Structure formats: structure tokens, C-alpha cells
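Chemist: Chains as they are written, first to last, in this note's numbering: chain D, 1 to 507; chain L, 1001 to 1370; chain P, 2001 to 2306.
Structure in C-alpha cells, see below.
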Amino acid sequence: MESPHTEALSLRGITKVFPGVLANDDVNLSARRGEILAILGENGAGKSTLVKILYGMYQPDSGTVSVNGRAVGIRSPKDALALGIGMIHQHFTLVPVHTVWENVVLGLDPSSGRPAGGKGAALELEKLGRRYGLEVDPFAVVADLSVGMQQKTEILKALYRSVSILVLDEPTAVLTPGEADNLFAFLREFRAAGNTVLFITHKLGEVMEIADRIEVLRGGRNAGSFLQGEVSERELAARMVGGDIPSVGETLVRPAGRDVLEVRDLWVRGGRGHHAVRGVSFTVRAGEILGIAGVSGNGQEELADCVCGLARQERGEIRLDGRILPREDPGAVFRAGVGYIPADRHREGLVLDMTVEENLVLKNLSAYSRKGFLREGAMRKNAERLIGEYGIRPPLPGSRTASLSGGNQQKVVAAREIEAGRKCIVAVQPTRGLDLGAAAHVHRMLAAARNEGRAVLLVSTELSEVVSLSDTVAVMSGGEIAGIFPRESADLRTIGLLMAGRKGEPS
Amino acid sequence: MTAEKHGGNSLSESLTDPDGILSSLFFSSLSVFLGLASAGVLMLFLGHSPAAVYRDLFSFAFRDVYNIADIFAKAAPLILTGLAFAFAFRAGLFNIGAQGQFYLGAVTSAACALSFPFLPSWLLLPLCAAASMAAGGLWGGMTGYFKARFNANEFLVSMMSTYVAVAIMDFLVRSPLREAKGEYPQTDVLAEASWIPSFLSGTRFHWGFFLALAAAGAAWVLLWKTTLGFRMRAVGKNRSAARFAGIREKNVFVSVFLVSGAFAGLAGFLEVNGVQHMVVQGFNPLLGAEGIGIAVLGGAHPLGVVLSALLFGALKVGGLLVTQTSSVPSSIIAILEGFVMLYVILSFYLRHRLRRACARRRAAAGGEAP
Amino acid sequence: MILEGLLARAVQMSTPLLLGALGEVMVERTGVMNMAIEGIFLLGAWAGFTGAYITGSLSAGFLCAMAAGVVVGVLYGWITVFLKQHQIVTGVALNILAAGIGIFFYRVLFGVPLLPLTVEPLRPLAVPFLSAIPVLGPALFRQNILTYLAWGAMPLGWWVLFRTRAGLVLRSTGANPEAVDAAGISVERVRFGAVLAASALSGLAGAFYSIGYLGLFSNDMIGGRGWIAFALCFLGNWNPLGALLGAVVFGIADAAAITLQTSGIRMVPNEFLIALPYILTIAATLARKRFNVPASLGTAYTKEEK
């Protein structure tokens, strides 16, 4: 073990339970001064929970945190900052309408000795910027800055508080390659000054490039700890996704049907103006499930949103049965025969305060109206039929959707969208938050739709779901399709490498 | 897009999603009781026994046919301004401008009656009613249009437009519509052909009350039996899901404010043609604010609005008589209304906490997902 | 002569609007609308009169008015900031209640006097030399102390908001409460404090009508002027100096309405001038893109929960 003098940070036996989810299970972790520790893991591996505990945003159910060899209790971000821990969130916590220096001095402890006025702060910021290669105009308004500059501002905010432990949560997700290089240069500089960096990522390339040590998390537990140079990318990828090959469902090799959904050179911008989808092309045929694997935030959701008319299509084309699909008109896409099971059913798929029968006709209202009045009989009949077919419990069309369990809510969305998707169904994270039984049910429904000859586009961050359900597996990384294979030839380790942003050779 | 964040607050949960009729009734009654009790404490300062004042208040309100009938006369416009707020609220929108829409409905109705005094009653009354609804509806619809077209804050626009409406009414009753004598800022008495017939002769209980009931019924049908209502409720409860379902929210904004304003405008017709038979500058200045209280107390449901309006009507009738016959000042009525509203709001918080506690207990009992 | 009177009146009548708008700017910058402002104006008018009448001291009256504002502010802030209930609905309830309580206790304390009770209102203080300037002198430099204070408070408020650390926290809370939270500052405490300060200023503003100007209290003496202060905050683009400009426009419109009315000149209906500030506000709302509405205005802050 490290001597207490060099150990900057250590977490021992951290366990954190959320209702129904064991987010961290006895996680151990330590980082020395002058070290960059990478925390590597898939979605849901427990990385974010761990660092939120470290930054005082969550309290662990058990376990201890020590800083510089001393056990500490971190109750709030303020405590964390006082201990010299700074955090760069994935979503920046900047005030967009304020200038850089104003953001930096916000909430500054007056005893820190740093100037809080515009001129003094600007001088200090310029000094810090020169030293670490983080030059940002202190008087620029944050909203006018590029994402990379905004991240620099976040880092300056932490440096201004003299932090010695810097935690970065997926910092390169929104950066261009050039900006990422700058970030790495800064991190090396910061390390050289005897500081500690915790670098949370799912990208193997970054890990190999920057980390001194690598801690792999999987399913909320430690899944291996390595020194740089001791381990291959292949080994890390295997540790990250787990060695166990998921059981393959029924194999039903079907003759590929006609092309139903064709996407050509699609470009879509994400919420922060960066290109989330970069020139994606693929085809889904009738009777085929195309599964898109990938760590979340690699453009999959933007892709699905765009196909379904919810996001602006910057470039490229989307065809359904050879005809161009209407753009930015979710109603028209729906009527054209595309069903959409969105990732966030509470926000996008359902009106929880309306009844089950109302939610079942939400997107298809015109079919259930006569002269402006609702055709309640037809709505009731539709609901009764779907409740029976999809096993929605309780089987009461008039019950409030909010009163249903998560699995049954998802069945309501699935029932509506699978019904409507006469030609094509786009399903994003269709089993997120469901128990095994409900998930299996949704899987059966999607498989049945495929067997009827419809085209299914499945997007999931759970590799096992994609591999067990799809006829064809594609991997998305950095907004691009990194690889696409028939299921039979899909090799888990290759997929793991591709998900982690490495070009893998199919073996 | 701040509006989207409204979705999760406990107001909209409690207002439009009762955990059951019994629970709503319980908490509403509790709020009314606590409101009466709090106002009662204030009466002690005047040396009055609250019990005696309330006994008087309710015995006055139900003393004779005239007073009981007056409750209905007072409740009628309150039902409509309550509906105006409740209806828009169901779509997640705030119509704070019922007062202005009411005033414009009132002067328009009066202008109609004054311009066509020669028309027979069966023609003049529907004309006045339609004119008042059109005036209120268009004035309210303006707010909806501004929201749809410019993404303006409907709360601010509807509130400011009230003061513009007040100025318009002041102008009309001071200049073109001013009484022939030219003494006060008010209109002449309307021709009797334009008076809403009395339901009980010798009282102020007129047929307009049933018009208000019909409006409540219409609001109910609109909300739960038509596609417009379906769209409104979807937009009100989850704006992003509605957008993703292809519902055009801008059309909803305009339609909602048209209808909401028409309700408030119709209240003007009831007050002018049913009770006042003229327009006096600045009459019934609290009708809009009381409508908000009534809508909140009534859970933004048409039936709840009718019941709450009757309760407020009784408080007004009894309260007025108490203040005329004793030294209890009339401001006690406003205090009572204010306290009741305050307790209703506090009960929202309580119910929100209770619901969350229940949900947590359910989750704990359900155990961990595998 | 007309112009001089008009200007003097405009400056004087802008006093309470400035105080109310300044408080509203401060509190809205943190993301909370003080929707109880109209009720606080009336309660402040009552408390100011009562305090001054009983103690015989105008200063005591103004202190009472601020205290009354704070009492309403505590209630409003508790319900909207800590219990996270809806600001509009809470405001409507408190407006009705506060107005009712002021009127009620006037009656409790003073009964129904035959003649309205009066106190000696604030006297104008002429600034030596400056008040002798023609036209502008009497308008700007022969006013009462509260008017000077209100006009002075606006640049001061601007300085606090845009040039001090506390102002930065206020502005950040409205623009992005998450950032304030991440910096280790309690969003709720900042908002609650701002509500109290704004309520105190509004109470003081209300007292201007009773003891700063007329020397008496009547039930309808506010008549929507709280909402004008509310609108000035919006018109002034959430900037005290902008509100000052708006108040001048409004004050001139108000003074012109009265001057025109009394002089018998009728170019436009008087009511149009009265409605002008509201029409301007609506027009400004429509052009909102150029406005810096605090991003979190009107929404309660709930920390991320899992």
C-alpha cells in the first residue's frame, strides 16, 4: 500500500443504495499525489455515483473517504472545495449570461486570499491561464464561448480555489479532438505540479493516453486495478463489459426482406451545438432488428430523435420504403408508420396524469375523434384490446397511468408504438428500469414485430440486450458508426473495443 | 423554456390530480375550517365572539328566501371567473386577467343593450350574451395569441391587459357611454328588455345562474369529451410529451385563452343584465381575484368551482349582512377568503409530502428490483 | 408653470414606484417574483400611518411599514421558497389577505372616525442653490427626504447588483441556481433573504402614499400601483437604472394625465395615458428576445434527486 504521505485520496468500502438499485457495492479506490487515475466503466458501472459521493452531493450508506490520510465527512460541495477537491461536471455549472471572471469568483470564500474584483481576478486568471495553457478572456460572456472554452472556465474556477484534487466526469464527451489534446496537456501540467486527477471515462484510448493507473468498475464494483503499461486495451475492454457472453435468444435466421428504413449520411447537432451524429448511414430491412450498441452520449439518442422527427436533420436523408420521411414533424412520421419508444418515457412517451386509454391514443387522436368529440367507445375498445394483447396490469382502461408500475407504463408506450409502427419501430432503451419479467415481455413484443416482417431499430446501452435481440449489431461511438456486423460474427471483445472508441479488427 | 419545469410542482399535482374526491373534499373542508378559525381569531380583537359572528353570518345567509336567492345571484359570476382560471390552468396556463375580460364583457353587453333598446328581449338577450363572450374571448385570446406568436409570458400579459381593460372601461363610461345626466361615471339604466328574467320574483336570483351552470357543464364537456380538451390536458400535464405526440401547442394556447376569456366575459353579461342593469365605473373589483381563489379551492374542476362559488357566495351574503348589522368591518370577508386560499396552498404542500411518503413506503415494501 | 408642476409631481409620484421596483428587481434577479407586492403596498401604507399616528413620529411609521412588509415577506418566502408552492397563486392569496388585514386593523384601532385621521406628511426639503434653478430646480431639489432616498437608491442598487460580490450571487441565483449550489451557497437562503429585502422596500413604498404624501390612510389608496412597480421591473429589464427610466416615463404619463385633465385640454383620452405603462409593458414582453429575463424566474429550485 502507498505510504500515507503520498496518498491524496482514498475511498474504502463505499456502498450506496438507491431504491431498487445498488449503485456502489463495496468500492475501494485510492489516488496518489502527482497521479492521474482513470476510472473506467460502462454506463451504470457506478462511476458517477462514486464521484458525486466524493463531491458531497450524495452521502454513502457505508464506507469512508480519506483526504491526505485523514478520514473526512463531505456533506456538501462546499466541504469538498474546502478539502481541495474540485469537480468538472459533465454538464457545466456556469451562469451563461455572466462573464468568465464573474463565474470564477461566484461564491469565493473571502478568506481564500484571491481577488474577487473584476480587474484583480482577470490578472490572476491570466496568470493561471498562461501557466496551465488555459487562456480564456476573463471578460468574455460564457454563453458566447465554445464548449471547450466553457470547460476551461470550469477548470479555472476550480484552480482559482486552489484545488489539489481535480475530478473530471467524461470531460472529452463534448470536445473536439484538438480541444481534447489541450485538456490532456493541461492535465499533465497539473499532475507535474504534484496534484491528483480523477478522470472518469469509458474511452479506452484516453485511458491509454493519459492515465497512470486505471481502476475498472463494473456493475457498481471494482473490476480490476492496473498500472499503465501493465495491461492491454483488449484486457481492459473485457473487464469493462464483463467476460460473460450473454445468452443468445432464439436464433431465427430469416431471409432479409426489402429495405424499409434507409439512413444516408445523417448529421445532427446535439443539445450543445456540437455534432452529435456525424455522417451515419445504415439500412434496416423488413424482418430485421438492427441493434445499435454504444455508451450513452455517443449520438444514439439524437439519431433516434432525428429519425422520428424530433431533432433537426442538418444533412443527409432518411427514407421509409423508398420515400423521404417527413422532417421535424413527429405526427407525420408516426402516421407514415414509424413507432417510437423513447428513452425517457416519463418525459416524452406518456402523460402520466392521463388514463391508460388516453395515453394509448395520444399520438393518434385524429383516428378517435368525430367532429371534435372523442369517440370514447372506440378508445375504450382499443384500450381493452391492447391491454389484453400486451398484458398491461391492472387491466383497467380508466386507471391513471401514473398509478401503474414502471414495467406496465413501458408496456403502454410499447403497445401504442408497436401498434402504430406498421413499417418500422424505433426503440431506445426499451427496458431501462424494468424488472426481468417486464423486460423479457418487451423483448418478446419487439421480436414478434420483427417476425411479422417489420423493421426494428433498437438502441441500447446494454450490450447484452443488443446482442441477444438483434439480427445485426452496429456500434456507435463519437457520433459515428464504428462497426456493423451480423450477430453470428459479433465478437464481444471487439464490440467492447469499438464502444470504447478504438478501431477493432473483427476476429 | 421555464414553463416545462412547472410540470413537477405540487400545485399542479394537487390542483388537477386529486388523490381521490374524498381526499380533495377533506382538504378543502379543512382549509375552509382553518380559514374561518383564523379570521375568527381576528374578530377577538374587536371584542366579538367568533362563534356568534359565524352563527349570525350563516343564519343571515340562510335567513329567508331573499338571502338564499342572493347566494345564487352572487355565485353566478364567481362560477364564471372561477372557470376562466380553472380552464386555462388545465392546459398549464395562467389566465390572471379574468377581471379585465369581465369588464370588457360587461361594457360590451351594456353597449349592446343601450344601442338596441328597441329589440325584443328574445333577440336582445342572446345578442348581449354573445357580445360579452366575444369581447372577453377576444381580449383573452389576445393573450393566447401573444404567447403562441411571441412566446410571451401569459401571466404578465394577462395581468397587464387587465389594467388596459380597466382604462378602456373607464373611458367608455366616462365618455361615449356616460349617462345622459353626465353626473357620475356610469351608464344609463338599461332597457328592461335587456334584463335577464328573474328566477324567483322579488329576489336577485336570475336565470343567469343557470347560464353559469351551463358554462360549467360546457367546460366539463370541452375538457373531457372533446379532442381540444384532450390536447389541452396533454399540453398542461406534459408539454414535451404532447409536442412529441405531434400536438400543436400554439393552437392550444389560443383556443384556451379564447374560451377562458369568453367565460369571464359572460360574467360581465350576468352582472350587468342580471343584477346591476347598468355599468358603474370600477364595480366588482375583486371578481377576478376571487375567481382564482374559487378555482384553487375547487381543484380546477368545474363541479368544484360551482361548489366553491356557492360557498363564497354565501360568505359574501352573510358577511355583508353581518357587517351591516354589527361593528364587524366588511374587510373580514376578504380576510376570510385570503386565509382559506392560504390554507388550500399549504394543504397542497402537505398532500405532496404525504404522496411522496406513500410512494417511498411502496417502493420500500416492493423491495429491490432484481 | 404647468411644466414645472408636472415635473415636480412626476418626480414625487415616482418615489414609491422606484422603491417597489428596486425591491422587485433584486428579488427577481434571484428567480423569485414577489407576487405579494400589491398587498404589501397597502399593508405598508396602513402600518406606516398607524405607526406614525400612534407614536407621532414619521420615522417610526416608516419602520413599522418595513416591518409589516417583512412579515408578509416571511410568509411569502416560506411558502414559495421553502415549501416550493406556486408563486402566482400564493401571491394572489396574500394580496387579498394583506389588504384585508390592513383595512381591518385600521377599523379595530380607530373605529369609524367622522373625519379621516391625519398625520403631518413628510415636508419637502429644498436643497440650497440647486432648488433655485428654473423649472428643474423645484422639480428635482424641492422634494421630501424619501424621494431623495429613492432616487439615490437606484444607482446604489445598480452598484450593489452589478459591482459587488453579493450582487453577483443574486444575479447568478436567478440565471443558474445550479451554479450557485455548486459553489456551495444555499439557493434557498439567498432567495428568502431577497424576498425579505424586497418586501421591506415595498412596505416602505406603501407608506409613502399614506404618510409621505397624503398624511392619511384609505382603503383604496394603492389601486394597482404595486403592480406598476412590478411592471417597472420588467420594463426596466431587471436593472435598477432601467426601472428608474421606466418610472420617469410612468411618472410623466401619470402627471400629464392629471395636468391635462385639470387644464381641460383633451388631445387624447386621459385613460390612454393611464393605460400607457401597461401597454408599454405588454409591448416589451412581446419583444422579450432582447430582454435578460432571469432564466429560473418563477420556478422553485429542487436539487437533483435520484
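For every residue, glycine included, the Cβ atom is placed at its ideal position computed from N, Cα and C.
Predicted model only: the values in this text are computed from it and were never measured.
Can you tell me whether Trp1139 of chain L is helix, strand or coil according to DSSP?
Modeler: helix
Chemist: Beta-carbon of Leu2216 of chain P versus every beta-carbon of chain L: anything under 8 Å?
Modeler: no
Chemist: Alpha carbons only, please: which of D:Ile39, D:Ile36, D:Leu11 is nearest the one belonging to Asp26 of chain D?
Modeler: D:Leu11
Chemist: Pair every Cβ in the stretch 364-382 of chain D with every Cβ in the stretch 1274-1282 of chain L, then say whether three or more of these pairs are closer than 8 Å.
Modeler: Short answer: they don't touch.
Chemist: For the stretch 1175-1207 of chain L, which residues have a CB atom closer than 8 Å to at least one CB atom of chain P, in sequence order?
Modeler: Ser1175
Chemist: Candidates P:Gly2226, P:Ile2282, P:Val2187, P:Ala2183: which alpha carbon is nearest Leu2042 of chain P's?
Modeler: P:Gly2226
Chemist: Just to check my reading of the structure: Ile2222 of chain P and Glu2038 of chain P have Cβ atoms closer than 8 Å, yes? What is that Cβ distance to the nearest angstrom?
Modeler: Taking 8 Å as the upper bound for CB-CB distance, Ile2222 of chain P and Glu2038 of chain P are in contact here, some 7 Å apart.
Chemist: Can you list, in chain order, the stretches of the alpha helix (DSSP H) that have 4 or more residues and sit fully within the stretch 1216-1291 of chain L?
Modeler: 1227-1237, 1239-1244, 1249-1269
Chemist: What separation, rounded to the nearest whole angstrom, lies between the Cα atoms of Gly2157 of chain P and Ala2166 of chain P?
Modeler: 11 Å
Chemist: What three-state label does DSSP hand Asn2270 of chain P in the structure shown?
Modeler: helix
Chemist: Residues in its own chain within less than 7 Å of Thr6 of chain D by CB, not counting five upstream and five downstream?
Modeler: Arg32, Arg33
Chemist: Identify the contact partners of Phe2104 of chain P in chain L, using a Cβ-Cβ distance below 7 Å as the criterion.
Modeler: Leu1042, Pro1329, Ser1331, Ile1332, Ile1335
Chemist: In this structure, does DSSP put Ala1165 of chain L in helix, strand or coil?
Modeler: helix
Chemist: Is the Cβ of Gly1137 of chain L closer than 8 Å to any Cβ of chain D?
Modeler: no
Chemist: Have a look at D:Leu386, D:Gly120, D:Gln429 and flag the residue whose alpha-carbon is nearest the alpha-carbon of Tyr160 of chain D.
Modeler: Out of D:Leu386, D:Gly120, D:Gln429, D:Gly120 has the C-alpha closest to the C-alpha of Tyr160 of chain D.
Chemist: Looking at chain D, which residues of the stretch 1208-1233 of chain L have a Cβ within less than 9 Å of any of its Cβ atoms?
Modeler: Val1221, Trp1224, Lys1225, Thr1226, Thr1227, Leu1228, Gly1229, Phe1230, Arg1231, Arg1233
Chemist: Regarding Asp25 of chain D and the ligand HEM, is the C-beta to nearest heavy atom distance less than 7 Å?
Modeler: Annotation note on the ligand HEM: not contained in the displayed structure, which lists no ligands.
Chemist: Would Phe1146 of chain L and Val1157 of chain L be called neighbours here (beta carbons separated by less than 8 Å)?
Modeler: yes
Chemist: In chain order, what residues of the same chain have a beta carbon less than 6 Å from the beta carbon of Pro2124 of chain P, not counting five sequence neighbours either side?
Modeler: Arg2142, Gln2143, Asn2144
Chemist: Quick check on Ser1240 of chain L - is its C-beta less than 8 Å from some C-beta in chain P?
Modeler: no
Chemist: Does DSSP put Ser1038 of chain L in a helix, a strand or coil?
Modeler: helix
Chemist: Quick one: does Gly107 of chain D have its CB under 8 Å from some CB of chain P?
Modeler: yes
Chemist: Out of curiosity, what's the CA-to-CA distance linking Glu314 of chain D and Ala1241 of chain L?
Modeler: 23 Å
Chemist: Can you check whether the C-beta of Gly249 of chain D is within less than 8 Å of a C-beta belonging to chain P?
Modeler: Residue placement at Gly249 of chain D cannot be trusted, given a pLDDT of 46 that sits under 50; what the coordinates show is reported in the next sentence. Not closer than 8 Å to any Cβ of chain P, the Cβ of Gly249 of chain D fails to qualify, so no.
Chemist: Across the stretch 2197-2205 of chain P and the stretch 2101-2119 of chain P, are there enough close Cβ pairs to call them in contact, namely three or more that are closer than 8 Å?
Modeler: no
Chemist: Mapping the DSSP letters down to three states, classify Lys203 of chain D as helix, strand or coil.
Modeler: In the structure shown, Lys203 of chain D sits in coil (DSSP, three-state: anything other than H, G, I, E or B).
Chemist: Leaving out the 5 sequence neighbours to the left and right, which residues in its chain are closer than 8 Å to Thr2090 of chain P when beta-carbon positions are compared?
Modeler: Here the set comprises Met2035, Ala2036, Tyr2076, Ile2079, Thr2080.
Chemist: Determine whether the Cβ of Asp25 of chain D lies closer than 8 Å to any Cβ atom of chain B.
Modeler: Any reference to chain B falls outside this structure, whose protein chains are D, L and P.
Chemist: Counting only C-beta atoms, is Asp265 of chain D closer than 8 Å to chain L at any point?
Modeler: No, Asp265 of chain D does not count as interfacial toward chain L.
Chemist: So, does the CB of Glu2024 of chain P fall closer than 8 Å to a CB anywhere in chain L?
Modeler: no
Chemist: For Glu179 of chain D, which residues of its own chain have a beta-carbon under 7 Å away from its beta-carbon, when the five flanking residues on both sides are left out?
Modeler: Gly148
Chemist: Relative to the C-alpha of Arg510 of chain D, which candidate in D:Phe226, D:Leu434, D:Ser30 has its C-alpha closest?
Modeler: Because chain D spans 1 through 507 in this model, residue 510 of chain D falls outside it and cannot be assessed.
Chemist: What three-state label does DSSP hand Met2033 of chain P in the structure shown?
Modeler: coil
Chemist: Can you find a C-beta in chain D that's less than 8 Å from the C-beta of Ala1106 of chain L?
Modeler: Not an interface residue.
Chemist: Roughly how many whole angstroms lie between the Cα atoms of Leu2017 of chain P and Glu462 of chain D?
Modeler: 60 Å
Chemist: Using CA coordinates, which residue listed in L:Lys1181, L:Thr1203, L:Ser1029, L:Lys1316 is at the minimum distance from Ala1061 of chain L?
Modeler: L:Lys1316
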